[in-house]
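Chemist:
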Ligand SMILES: Cc1cc2nc3c(=O)[nH]c(=O)nc-3n(C[C@H](O)[C@H](O)[C@H](O)COP(=O)(O)OP(=O)(O)OC[C@H]3O[C@@H](n4cnc5c(N)ncnc54)[C@H](O)[C@@H]3O)c2cc1C
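Numbering (this note's numbering), first residue to last: 2 to 401.
Take a look at the structure:
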C-alpha cells in the first residue's frame, strides 16, 4: 500500500517524525540507507527539551530505563584550570540534566516506540538516490537498485547534512562556515566512575571526552582541512598531542597505535534558504546543519519533527494536499534555528577560531569562561539555552 508520507532518513529527525505521524494514525514509511543503527554517530546527548517531549508522549519512564549517564553541569579544563561553565539543575523541567546515551540506543528506543503504532513502517538498507517529480510536485522516491515508492501526500527529507535536496540543488543552501573538524576515537576507561563529559582545551586543539561506561568516546577538535596533515604527522605525534591535553590519562602508548583508529567527522554550519517545495519538506540537519557546539543538533532536529507533526498531522489525516501548509513548519522553526546557529557561529569565531590562531598560547581562560565559573547564577544562562533551547515545542498533535 502507498504510504501517505515517506520520511527519508532514520536519524533523530526522521525517526521522531515517523513516530509522531504514526501516533496520529497516518501511514508513514521511514527509509534509512544503513542496515542498522550500530555505527559511529555524531553526538550522544539527549537534552531536557527532548525528554520533555518524551514525557508528553508518555515514553519518558521507558527511555530512562535504558542505560545512560547524567550530566547536570558543563565543565571544561582550560590552561590547566577546571571551570564550571553551565548549570542545568535549576531548570523547571521533569529531567533537569542531559542524558548521555549512545545515539544507536536512542534511535533504537524511538524505533521500538514507533513500532507500537500500526501505521509505522521502517525500511533499512534503503538508500534514496532520486526524487520522483510530477507536475511540479515531489511525489515519491527512487531507491538504489531502481525501486520507486510513491507517497500519497508528502515526502519529508530528514537525510542530514548530505541531503539529496542539497546535493541535487533542489533547495539552495546558505553556508555559514565552520573553522574546525573532528577526529572521533575511543580510549579505554581505567577508573570506574568519573565525569560524564570532559572538555579540554590546549593551544591549537581541543578534546571532548564522553563517558560510555566502559570506554571514553573522544572527539579531538582541530582546524578545518588539517586532517591529512595530522594523518601524515603520524600516530606518535597524535598520541603526544592527546597526552598533553589529558595528562591524567598517563601514557597512551598501548592504546593509540594507528591513525586508522581516528574517524573523521566534518563539521558544517549552514541552512536551506527555503525548507519546502510542493510535496516536500526538509527538517533537521537536512534543513540546517548544526555544529557540535552545545551538543544541540539532535535536540533541534527533534523539535523540528514535533513542529512538523503539530502543524501537519491533523491536516494530513483530513485532506489530500498539505502543500499550502508546509511553510508553517519553516516559519515556526526558522527563528530558533537562526538564533542557535548565530550563537554557534559566535562561539566558533570568537573562541574556537581564536584558539586555532597559529602560535596561540593560552595563559589563562577567556574572561567569559572565568565569569561563568565565578558566578553560579550566570551559569544558568548557558544551561537554559543548551538544555531547553529557544521556543521549545510541546506535542499538540493527537494520538489516534
Ligand atoms: C562532530 C559532531 C558532533 C556532534 N555532537 C552532537 C551532540 O553531542 N549532540 C547533539 O545534539 N548534536 C551533535 N551534533 C549535531 C548532530 O549530529 C546533528 O544535528 C543531528 O544528528 C541531526 O539529526 P538528523 O536526524 O537531522 O540528521 P542525521 O543524524 O544526519 O541523520 C540522517 C539520517 O539519514 C540517513 N540518510 C542519509 N542519506 C540518506 C538517503 N539518501 N537515503 C536514506 N537514508 C539516508 C543517514 O544514514 C542518517 O541515519 C554533532 C555534529 C558534529 C558534526
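Glycine included, C-beta positions come from ideal geometry on N, C-alpha and C.
Keep in mind it's a predicted model, so treat the numbers as computed, not measured.
1) Nearest CA to the CA of residue 146: which residue from 129, 133, 19?
2) Closest to residue 293 by C-alpha separation, out of 263, 324, 223, 307, would be which residue?
3) Runs of 3 residues minimum, wholly inside the stretch 144-217: which ones carry the beta strand (DSSP E) assignment?
4) What does DSSP give as the partner residues of residue 273 in its beta bridges?
5) Label residue 304 either buried or exposed according to how many other C-beta atoms from any shown protein chain fall within 10 Å of its C-beta, with 16 as the threshold for buried.
6) Among 168, 246, 38, 134, whose alpha-carbon lies nearest the alpha-carbon of residue 219?
7) I'd like the span of the alpha helix (DSSP H) that includes residue 386, first residue to last.
8) DSSP three-state call for residue 121: helix, strand or coil?
9) Between residue 277 and residue 283, which are expected to be in contact by the criterion C-beta below 8 Å, what is the C-beta distance as a whole number of angstroms?
10) Could you tell me if residue 112 is buried or exposed, where buried requires 16 or more neighbouring beta carbons within 10 angstroms of its beta carbon?
11) Quick one: give me the first and last residue of the alpha helix (DSSP H) that residue 52 is part of.
12) Do residue 153 and residue 5 count as a contact pair if the criterion is CB distance below 7 Å?
13) Identify the continuous alpha helix (DSSP H) that holds residue 230 and give its terminal residues.
14) Just to confirm my understanding: we take residue 373, look at its own chain, exclude 5 residues before and 5 after, and list those with CB closer than 8 Å. What are they?
15) Which full runs of the alpha helix (DSSP H) of 4+ residues lie inside the stretch 318-384, going along the chain?
16) Mapping the DSSP letters down to three states, classify residue 399 as helix, strand or coil.
17) What does the alpha-carbon distance come out to for the pair residue 248 and residue 81?
18) Under a three-way DSSP split, which group does residue 278 fall into?
19) As a quick exercise: from 212, 107, 302, pick the residue whose alpha carbon is nearest that of residue 39.
20) Quick one: any contact between the stretch 329-341 and the stretch 157-174, if contact means 3 or more CB pairs under 8 Å?
21) Quick check on residue 135: does DSSP put it in helix, strand or coil?
22) Can you confirm whether the stretch 346-365 touches the stretch 20-31 when touching is taken to mean that 3 or more C-beta pairs between the two stretches lie within less than 8 Å?
23) So residue 74 is in the alpha helix (DSSP H); what residue range does that whole segment cover?
24) Among 288, 314, 181, 102, which has the Cα closest to the Cα of residue 214?
25) Helix, strand or coil, according to DSSP, for residue 17 in the structure here?
26) Could you compute how far the alpha carbon of residue 409 sits from the alpha carbon of residue 133?
Modeler: With the structure as the only source:
1) Selected option, being the one with the closest Cα: 129.
2) Closest by alpha carbon: 223.
3) For the stretch 144-217, whole beta strand (DSSP E) runs of length 3 or above, ordered along the chain, are 149-151, 155-158, 174-176, 181-189, 198-203, 206-212.
4) In DSSP, residue 273 forms a bridge with 174.
5) That one is buried.
6) For residue 219, the closest alpha carbon among the candidates 168, 246, 38, 134 is that of 246.
7) Start and end: 377-389.
8) If DSSP states are grouped into helix, strand and coil, residue 121 belongs with the strands.
9) Indeed they touch by this definition, with Cβ atoms about 7 Å apart.
10) Burial is judged here by how many other beta carbons sit within 10 angstroms of a residue's own beta carbon; residue 112 has at least 16 and is buried.
11) Here the alpha helix (DSSP H) through residue 52 covers 49-57.
12) A contact, by the Cβ cut-off of 7 Å.
13) Looking at the DSSP string, the run of the alpha helix (DSSP H) that includes residue 230 is 228-234.
14) Here the set comprises 84, 85, 86, 87, 379, 380, 383.
15) Every alpha helix (DSSP H) of 4 residues or more that sits fully in the stretch 318-384 is shown, in chain order, as 327-348, 368-375.
16) Residue 399 sits in coil when the DSSP states are folded into three classes, being neither helix nor strand.
17) Straight-line Cα distance between these residues: approximately 10 Å.
18) Three-state DSSP puts residue 278 in a strand.
19) Looking from the CA of residue 39, the closest CA among 212, 107, 302 belongs to 107.
20) Short answer: they don't touch.
21) The answer is strand: DSSP assigns residue 135 an E or B state.
22) Flag = no, the stretch 20-31 and the stretch 346-365 do not touch.
23) Taken as a continuous stretch (DSSP letters only), residue 74 belongs to no alpha helix (DSSP H), being part of the beta strand (DSSP E) at 74-79.
24) Nearest option by C-alpha distance: 102.
25) Helix, per DSSP.
26) A query on residue 409 cannot be resolved here, the shown segment of the chain reaching from 2 to 401 and no further.
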